[in-house]
Structures are given as structure tokens and as C-alpha cells.
Ligand code: HEC
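Residue numbers (our numbering): 8 to 478.
What follows is the structure in C-alpha cells.
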């Protein structure tokens, strides 16, 4: 084993000092994101004034002048943002112990003050699964700065960091495998070699730029780790050995919340592509992450993660309209006082065609999604040549057939628009007690089968919203 690992520069301070983390309070400050407020998603304790926030002078808003029924309904049900919070947001957040609390990547929206602070707040700050991070939410990553021998000393942005446990090994002058035990750091650009050295000894410092309370840009090296380091592949990936006595420290470092520029590990650094998306973007409902999660897409890009609201029916059209108009009219510097003011349905651009908000986005239309799910997962058995269960789900006329009754349960239609619980095809997909035969899609190899949760919830959403054929 390499005696130098972890102790090369640590000898002065003793090996336990190989890792240094300072300023833990810094973690959680939006990285380079200017004047965003710090939101502690985990604590659950937020300052909240139980009195409804009052504003001295409510902004003047003309009532809606048109005759669209949906807008009139929305205006009557949700005159203010507080009404929307009370009747919709709170409802979708709190049943079953509070979906918003259980899923870390979802902001806490229990109180109007929390709801208001979702405006301009970063999204996916603490995603449970890295695959669930949306590129648009990725922020500029923290940077590493190397000091020691073997690597260049330029600061390089961190893509993502991972600790792979296992016994530390000395790879000498050869390249370690990509899954070698140790602390892996993936970088935005290759780390240069010093004097052509195949490996490096020294300290990797973790550096963050942030804006302090006074609005000044500050830099801080908040942690560092001493080790032996090897570059892997094109040198955008380095691995440092982690000795047994260092494991806890490294786990702590990884858990402290290094801001990763490519948190979802897909090679795209979201913040390089454009300004990071916020949870709710004042003036831009279509570009708000929370709304993207409800619709399953943003600007034509799929938004990963299960469809919001979890375990609840999707928002109705008037509810969506109220949310869209609230967000569209929300000023960039607005705070929770804004919620008690009237929602401006009259000037809201979405009041022109609210029915357009119906399917919660293009992601769940018949042509662009549902039909394809059937073709892909069911067409092998339910095709015109040999339709299993006497049902064809491939080719022309499929939509019309779905509205007719099931062969297995003749008093139920395969699809009952608006009512998944009385749609036999949907019951077959979730393996409901009322079905005859097997849960679909049947897999002959395992004898069982199921669509993914996302596919199931898209089909459910489509049925709830009227199962429209919108070719
Ligand atoms: C490997 C073959 C196979 C695949 C794949 C398959 N099915 Fe089936 N399906 C069958 C068979 C066999 C039956 C009849 C026996 C049964 O219901 O278990 C059937 C019956 C059905 C029925 C009952 C028809 C009626 O009129 O009541 C529905 C609904 C259904 N399938 C839907 C689907 C859907 C939706 C998918 C894709 C998500 C799918 N199936 C995938 C083989 C398959």
C-alpha cells in the first residue's frame, strides 16, 4: 500500500487532518446565484406569521372583462394567491403526512410564506436521486484548486463527486479503473499534468463563490482533502485514495452539499446553457420548475421525476389558470404580501385560452405520449395479426376501440374519460382486484409485468383530463 497516501502533506498535522471542512454554515447558500434567499428545505421550521400578511394598499386590478367560463370560475374560486394556496397548494401538499415533506427535492409549501419563498428559489437543491435533477436546475458548480505536486493549480469547476467505498489501492503509474475505490471528482475540463507526472500528491481544495448578505461576491475554500490522486480517461475525472480512517470525513464532505455543475451526471452543465430555472419564476409560469414538474415538460424538454402533485389528481384547468396568472403577475421582488393581493385575470395572457392548459402540457397527449406507450409496450401481443385478449392496440382505429366496453368486463369501458377507476384498461395496468386474467403488460418470461410509475401516471393524467384524442 502507498505509505504516502493521505499523509504526504498531512504529516505536520497528523493523518486525521487529511480532510478539512470549514464554514459549514456556508453550505446551502445558492452558489453563484446572486441575491437568492437561502431556504432551508429540511428544517421544516420557517418563520411564519400566523396573521395573514396585510398590504397597505392592494394593487389596483380590474376584474376580468371577458366571458370565458373557466376564467370566471378561477376568478371566483381564487381571487387571491392566498386562496390558491389554501384551496389547492395546501391540499396537494398535506394529505398522507405531507408529500412535500417526504420528498426532499420538493419545496416545503405548507404555509403561504413558504409558497411565496418558492418564487426565485433554486430547484433540485437536494435531489434524492441524481437522475431526478433537471439540467435547467443545475447551478454553476463549486471548483477545485489543487496544491501539491503532479497536477496544475488552475481552478476547475466540479461536475459531480462520488465516494466509492472499498480498500485503498496504489495504482502506481497506471490508470485506475473508473470504479476504483476512492473519492471521485468529475470536472468540467481536464486537469493539466505537472511535468508529465502520471499521478499527483497533494491537497484538493473545494472553493465556492457566493454572494454575502451585503450583496458582495465572496470566495471561500470550504473544505480540502489530502491524498494521492490519479487522473482517469481524458483527465476530467480524478480519483483520490481514501484510507479507512478517512472514510467518515469523506462521507461528511460528500454529504455537506458540494454544489455540482452536472449534478445529474449526463454531461450537460445546466448553468452553462442558460440561467438556472427557479422553482417559481416571477413572470414566467411556463419556465417555472414546479409547473414543469406538473406538466412533465418545459419548453419541449422532458422534466425528469414523477409527475407532481404526487398521489393526487392533477390540478383542474381553473386551478392551473389561477397558478399561471399568479406566477405571471408576480413581480421579481415580490414577497408573501403579494399573495394577499388580487390575481390579475384580466391582464393575464393565459386567460385568452385557458382550455389550452388542460392536458397539463404536451407530454400527456394521446398522439405524443399515450399512443406511443401502447405501441411500444403492448403492440407485440395486441396487434391486428393476432390480437391477444381480442384487443388491438396497434394501427388505425385504436382510439375509437378504447372507448368501447372491455371483453373481460362488459359493463365497463376500456377507457372511461375522466374516470380512471372505471377504465378497465387502466385497472389491468395497475393489477386491480376487479380484473380477470393478468396485470398488463404481461411478460411471458416472468409471468408478470408493469409499466413504469411515470407511464402509469401519464395514462392516469390523460384519462382524468378527458382522454382526448388530439391528433
Ligand atoms: C406478452 C403479451 C402481452 C402483452 C405485452 C400485453 N398484453 Fe394485454 N393481454 C394479453 C393476453 C394473453 C390477454 C388475455 C388474458 C389476460 O387478460 O390475462 C390480454 C388482455 C388484455 C386486456 C383485456 C381486454 C379486454 O377487452 O378486456 C387489456 C385491456 C390489455 N390486455 C391491455 C394491455 C395493455 C394496455 C398492454 C401494454 C401496456 C398489454 N395489454 C400488453 C397479452 C399481452
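Yeah, the Cβ is synthetic: ideal placement off N, Cα and C, and Gly gets one too.
What distance in whole Å lies between the Cβ atoms of residue j and residue i, which are believed to be in contact at a cut-off of 8 angstroms?
i: residue 356; j: residue 335; result: 7 angstroms
i: residue 185; j: residue 239; result: 6 angstroms
i: residue 171; j: residue 192; result: Incorrect: roughly 12 angstroms between the Cβ atoms, too far for contact.
i: residue 448; j: residue 283; result: With a Cβ gap of about 38 angstroms, residue 448 and residue 283 do not count as contacting.
i: residue 138; j: residue 268; result: No, residue 138 and residue 268 are not in contact; Cβ-Cβ is about 16 angstroms, not under 8 angstroms.
i: residue 458; j: residue 436; result: 6 angstroms
i: residue 197; j: residue 241; result: 6 angstroms
i: residue 214; j: residue 152; result: 5 angstroms
Taking the straight line between their C-alpha atoms, what separation do you get for residue i and residue j?
i: residue 388; j: residue 417; result: 21 angstroms
i: residue 143; j: residue 412; result: 43 angstroms
i: residue 414; j: residue 423; result: 15 angstroms
i: residue 179; j: residue 204; result: 11 angstroms
i: residue 88; j: residue 228; result: 41 angstroms
i: residue 372; j: residue 75; result: 23 angstroms
i: residue 332; j: residue 468; result: 22 angstroms
i: residue 176; j: residue 402; result: 57 angstroms
i: residue 351; j: residue 288; result: 17 angstroms
i: residue 247; j: residue 225; result: 28 angstroms
i: residue 345; j: residue 190; result: 46 angstroms
i: residue 212; j: residue 154; result: 8 angstroms
i: residue 250; j: residue 174; result: 7 angstroms
i: residue 125; j: residue 297; result: 9 angstroms
i: residue 199; j: residue 311; result: 35 angstroms
i: residue 399; j: residue 384; result: 12 angstroms
i: residue 364; j: residue 201; result: 57 angstroms
i: residue 219; j: residue 149; result: 16 angstroms
i: residue 231; j: residue 340; result: 37 angstroms
i: residue 188; j: residue 237; result: 12 angstroms
i: residue 302; j: residue 271; result: 20 angstroms
i: residue 483; j: residue 217; result: The chain is shown only over 8 to 478; residue 483 falls outside these bounds and no answer can be derived.
i: residue 465; j: residue 395; result: 24 angstroms
i: residue 499; j: residue 397; result: Because residue 499 is not part of the residues shown, which for the chain are 8 to 478, the question remains open.
i: residue 299; j: residue 79; result: 25 angstroms
i: residue 103; j: residue 375; result: The predicted position of residue 103 is uncertain, since its pLDDT is 44 and thus under 50; no value can be drawn from it.
i: residue 294; j: residue 343; result: 21 angstroms
i: residue 117; j: residue 222; result: 29 angstroms
i: residue 338; j: residue 292; result: 12 angstroms
i: residue 442; j: residue 391; result: 23 angstroms
Leaving out the 5 sequence neighbours to the left and right, which residues in its chain are closer than 8 angstroms to residue i when beta-carbon positions are compared?
i: residue 378; result: 405, 406
i: residue 77; result: 324, 325, 328, 361, 362
i: residue 429; result: 419, 420, 423
i: residue 275; result: 142, 145, 269
i: residue 70; result: 82, 352, 353
Give every residue of the same chain whose Cβ lies closer than 7 angstroms to the Cβ of residue i, excluding the five residues on either side of it in the sequence, and list them in chain order.
i: residue 72; result: 353
i: residue 261; result: 168, 170
i: residue 438; result: 446
i: residue 95; result: 322, 326
i: residue 474; result: 422, 424
i: residue 450; result: 456
i: residue 163; result: 150, 151, 194, 195, 196, 198
Across which residues does DSSP place residue i in a beta bridge pair?
i: residue 87; result: 349
i: residue 156; result: 208
i: residue 233; result: 210
i: residue 238; result: 245
i: residue 218; result: 224
i: residue 305; result: 308
i: residue 168; result: 192
i: residue 420; result: 412
i: residue 287; result: 126
i: residue 150; result: 164, 214
i: residue 200; result: 158
Identify, in the order they occur along the chain, each residue of the same chain with its Cβ nearer than 6 angstroms to the Cβ of residue i, setting aside the five sequence neighbours on each side.
i: residue 421; result: 409, 413, 431, 432
i: residue 426; result: none
i: residue 92; result: 119, 122
i: residue 85; result: 91, 329
i: residue 380; result: 462
i: residue 21; result: Below a pLDDT of 50, predicted positions are generally treated as unreliable, and residue 21, at 37, falls in that range; the measurement from the model is reported next regardless. Nothing meets the Cβ criterion.
i: residue 476; result: 373, 406
Closer than 7 angstroms: is that where the CB of residue i sits relative to any heavy atom of the ligand MN?
i: residue 244; result: Only the ligand HEC can be found as ligands here, which leaves the ligand MN out of the picture.
Could you tell me whether any Cβ in chain D is nearer than 8 angstroms to the Cβ of residue i?
i: residue 70; result: Here chain D cannot be found, since the structure has a single protein chain.
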